[in-house]
Structure formats: C-alpha cells, structure tokens
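See below for the structure under consideration.
Residue numbers (the numbering used here), protein chains in the order written: chain A, 1 to 166; chain B, 167 to 332.
Here is the structure:
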C-alpha cells in the first residue's frame, strides 16, 4: 500500500469496524523501551523477567495501546482523525512471538459533533483478550488520500556491535 | 543512575507523587511511528501536517501515554509494578521541542489488594495540560533494586544514508 485514505464521519455507521494483526518481537520491546524511556526490567531484563510472575519478558502495556492508535490513525477512520481519549485495561501479558489482533468497532456516533466512540479489543493467537477499552475520536469530515510515508530503517547496536535491524 | 528500585505498597501513602520531564524530538516521533506502525500523516508527513489544523507534525497521543507508563514502571512505584488500566484524555497537541512534565499522584489505596489509583497529568513548558487521566496499578509488595539496563543505540537511515542517531 503506497497510499493511505480515510473514512469520513458521514460514511461511518455504528457497528462498522476494522482490525490489524501484529506479532511482537524483541526488537519491538527494545524500541518501545528506547522511545518511552521505560526500562522496567519486566520488559528489558531477561534474567529478572525469568524470575518474575510472568516468567519471561513481556511487552509494555502501552505497546498494545499504541497498536490501537495505529488502527485509528491509519485505517479507520484514518488520516484526519483526532484522538480525544482512550481507556484501556491490560488483562494478560503479551510475550515475544504473540500475534495480537487489534479490533475497533463503532458503538456510538455523536449528533452535534463528528465524534465516535469505539470499542477496542486486543486478542492473542489463543483468542484471549490481552487488552480492552474504549476510544473516543473526532472523525474526519473530509475525504483524504495521501502518500503512505516510508519510515527510515532502524538499526540497534550494542557498543560497536550491530545486533539487530528492522 | 545505574540501578533502579521501587516503592512498595506499604511504603506508599495517598498523596505521594513522582514526576519526569522529557522533550519531544523528531527522532521520538519517527521511532514511535516505526514501533507502532502508526504512520498517520499528522505525525510523519511534514507537508501534510503544515496544512492540517495543527500546522505542524505532532506527537502520537500514545507517546504521552508511554511516558506515564515510564514513570510508573521505572520511578514510582517502579520495578514489580503491574499496570492494570489507564484512561487518558488527549487535550492539546505536543510539538517537537515541547518539554513535557509527567506527574503521577496516588489518590486511592485499596485495602484488600495492593492496588493504587493515581492521577496522571502531562503538562507542556507553558504549564498547559496536554494529557490527563488515571492509572490503576498493582504495586509491588517486595523491595526490588536491580540493574538499570542500558538500551542499544538506535540509528535511523533512509535508504543508504544515515540520517539520525539517539
């Protein structure tokens, strides 16, 4: 996909939905720790994590939150959407290799403003909910199609040794 | 700081608080777009963003959410904290160069379980709230001090040309 387009408020009905799948990698956890500064050992210290109640490193909860934002901002409603609020419950840990499906569904359309409320459900490959919540967005009122920007390539390196690339 | 330690549930009182400052860079926005897949043009397409209602690229709302998680997971209560839920309202756009202060404060301690509710307030350098909400966490019950892991160095490169480093 080289372009990205939206659904406008008028095109969207209650019940409309969209979903996306993403498999968690160690690289994702490291990048998330770097961009957030969240170096909680549950996420980045394998030795600590092995002895913790989750027995291995787990994703940052807000990584799942970020995936919800990705569906809303790039798929549905897409460009022009303004994120107003999110609530999210973190129900189960997400491990490296877990395939997360993020689904959003419109449950309410405001009348006087182009505002939508959507349920957000993130499930793993065993169909267990790992996070659920509600998003509130101002939906776009104009049709937008624009170029899908190609992001730079990321390289992570420890001291002088290259260790991973996206 | 080469180590990271926590406050246990028993050590924490209602009213206790912690804060952290972080200045948004273009690099942060790009990394967040890469790790989340959220290439909404409001964040990564400068040309589009100039013509948008915000007149420039803005941070992903969930970047601010991630900073809240960073305070909770690395400072207060710190290691051993389990993130149960977050709600967050995105009130104002965050621009490159904005210095965001994230403050969390305990407003409720549960009696039967080591659960805390904290208010979360993110302000910019003009002391305007950019995001506010509540976090619910299970606080650690055991004192933990562990090594602060050093994250890999990140390099972003466009095609073959290196463009930025953290």
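Yeah, the Cβ is synthetic: ideal placement off N, Cα and C, and Gly gets one too.
- Query: Is there contact between the region 33-49 of chain A and the region 234-253 of chain B, where contact requires at least three CB pairs shorter than 8 Å?
  - Reply: Judged by Cβ distances under 8 Å, the region 33-49 of chain A makes contact with the region 234-253 of chain B, as three or more pairs qualify.
- Item | Cβ contact check for the region 271-291 of chain B and the region 7-27 of chain A: 3 or more pairs under 8 Å | Fewer than three beta-carbon pairs drawn from the region 271-291 of chain B and the region 7-27 of chain A are found closer than 8 Å, and the two stretches are therefore not classed as touching.
- Query: In chain B, which residues lie less than 7 Å from residue 146 of chain A when you measure between Cβ atoms?
  - Reply: For the purposes of this step, residue 146 of chain A is taken as the residue at position 146 of the first chain. Taking a Cβ-Cβ cut-off of 7 Å, the neighbours of residue 146 of chain A in chain B comprise 207, 211 and 214, given in sequence order.
- Query: Is residue 97 of chain A close to chain B, meaning its C-beta is less than 9 Å from at least one C-beta of that chain?
  - Reply: Taking the first residue of the first chain as 1, we reach residue 97 of chain A at position 97. No - not a single Cβ of chain B is within 9 Å of the one on residue 97 of chain A.
- Message: What does the Cβ neighbour count give for residue 181 of chain B, buried or exposed, with the cut at 16 atoms within 10 Å?
- Response: Sequence index remark: in the second chain, residue 181 of chain B carries index 15 (1-based). Exposed is the call here.
- Query: So what's residue 305 of chain B in DSSP terms, helix, strand or just coil?
  - Reply: Taking the first residue of the second chain as position 1, residue 305 of chain B is located at position 139. Reduced to three states, the DSSP call for residue 305 of chain B is coil.
- Item | Cβ-based burial, residue 251 of chain B [other Cβ within 10 Å; buried from 16] | Position 85 of the second chain, counted from the start, is the residue given in the question as residue 251 of chain B. Buried: at least 16 other Cβ atoms inside 10 Å.
- Quick one: what's residue 252 of chain B bridged to in DSSP? Taking the second chain and counting its residues from 1, one reaches residue 252 of chain B at position 86. A:88 and B:301.
- Please confirm whether residue 177 of chain A and residue 130 of chain A have their CB atoms less than 9 Å apart. Look at the range of chain A in this structure, 1 to 166, and you will see that residue 177 of chain A is not part of it.
- Taking only the alpha-carbon atoms, compute the straight-line gap between residue 210 of chain B and residue 304 of chain B and give it to the nearest angstrom. Locating residue 210 of chain B in the second chain gives position 44, counting from the first residue. Locating residue 304 of chain B in the second chain gives position 138, counting from the first residue. Spanning the two alpha carbons is a distance of roughly 35 Å.
- With a 10 Å radius around its C-beta and 16 neighbouring C-beta atoms as the bar for buried, classify residue 47 of chain A as buried or exposed. If you number the first chain from 1, residue 47 of chain A lands on position 47. With fewer than 16 other Cβ atoms from the protein chains shown falling within 10 Å of its own Cβ, residue 47 of chain A counts as exposed.
- Query: Cβ of residue 33 of chain A less than 9 Å from any chain B Cβ?
  - Reply: Within the first chain, numbered from 1, the residue matching residue 33 of chain A stands at position 33. So yes, residue 33 of chain A belongs to the interface.
- Task: To the nearest angstrom, report how far apart residue 321 of chain B and residue 263 of chain B are at their CA atoms.
- Result: The count along the second chain starts at 1 and reaches residue 321 of chain B at position 155. The count along the second chain starts at 1 and reaches residue 263 of chain B at position 97. Whole-angstrom Cα-Cα distance: 20 Å.
- Uninterrupted beta strand (DSSP E) stretches inside the region 187-224 of chain B (no shorter than 3 residues): With a minimum length of 3 residues, no continuous beta strand (DSSP E) run stays inside the region 187-224 of chain B.
- Message: Can you give me the C-alpha to C-alpha distance between residue 106 of chain A and residue 128 of chain A, rounded to a whole angstrom?
- Response: Here the question's residue 106 of chain A lines up with position 106 in the first chain. Here the question's residue 128 of chain A lines up with position 128 in the first chain. The straight-line gap from Cα to Cα measures roughly 21 Å.
- Does the Cβ of residue 305 of chain B lie closer than 8 Å to at least one heavy atom of the ligand NAP? The ligand NAP is not part of this structure, which contains no ligands at all.
- C-alpha gap between residue 115 of chain A and residue 132 of chain A, whole angstroms: If you number the first chain from 1, residue 115 of chain A lands on position 115. If you number the first chain from 1, residue 132 of chain A lands on position 132. Between the C-alpha atoms of residue 115 of chain A and residue 132 of chain A there is a straight-line separation of about 20 Å.
- Out of A:120, A:78 and A:55, point me to the one whose CA is closest to residue 87 of chain A's CA. Indexing the first chain from 1 puts residue 87 of chain A at position 87. Checking every option, the nearest Cα to that of residue 87 of chain A belongs to A:120.
- Item | residue 144 of chain A versus A:23, A:79 and A:51, residue with shortest Cα-Cα distance | Working through the first chain from its first residue, we reach residue 144 of chain A at position 144. Comparing alpha-carbon positions, the option among A:23, A:79 and A:51 lying closest to residue 144 of chain A turns out to be A:79.
- Message: Residues in the same chain with beta-carbon distance under 7 Å from residue 328 of chain B, minus the five sequence neighbours each way, listed in chain order, please.
- Response: Walking along the second chain from the start, residue 328 of chain B turns up at place 162. Confidence at residue 328 of chain B is low in this model, with a pLDDT of 49, below 50, so its placement is unreliable and the value that follows should be read with caution. So the list reads 321, once near-sequence residues are dropped.
- How would you write the range of the alpha helix (DSSP H) that residue 234 of chain B sits in, first residue to last? Your numbering for residue 234 of chain B matches position 68 in the second chain. Unbroken alpha helix (DSSP H) run through residue 234 of chain B: 227-240.
- Query: With respect to the beta strand (DSSP E) encompassing residue 99 of chain A, which residues constitute its N-terminal and C-terminal limits?
  - Reply: Within the first chain, numbered from 1, the residue matching residue 99 of chain A stands at position 99. Counting along the chain, the beta strand (DSSP E) containing residue 99 of chain A begins and ends at 99-109.
- Task: Output, in chain order, the set of chain B residues within a Cβ distance shorter than 7 Å of residue 90 of chain A.
- Result: Mapped onto the first chain, residue 90 of chain A falls at position 90. Neighbours of residue 90 of chain A on chain B, chain order: 249, 250 and 251.
- Rounded separation between residue 201 of chain B and residue 308 of chain B - CA only: Against the second chain, residue 201 of chain B aligns to sequence position 35. Against the second chain, residue 308 of chain B aligns to sequence position 142. One C-alpha to the other measures close to 32 Å.
- Query: Should residue 316 of chain B be labelled buried (16 or more other beta-carbon atoms within 10 Å of its own) or exposed?
  - Reply: The count along the second chain starts at 1 and reaches residue 316 of chain B at position 150. Of the other Cβ atoms in all chains shown, fewer than 16 fall within 10 Å of the Cβ of residue 316 of chain B; this residue is therefore exposed.
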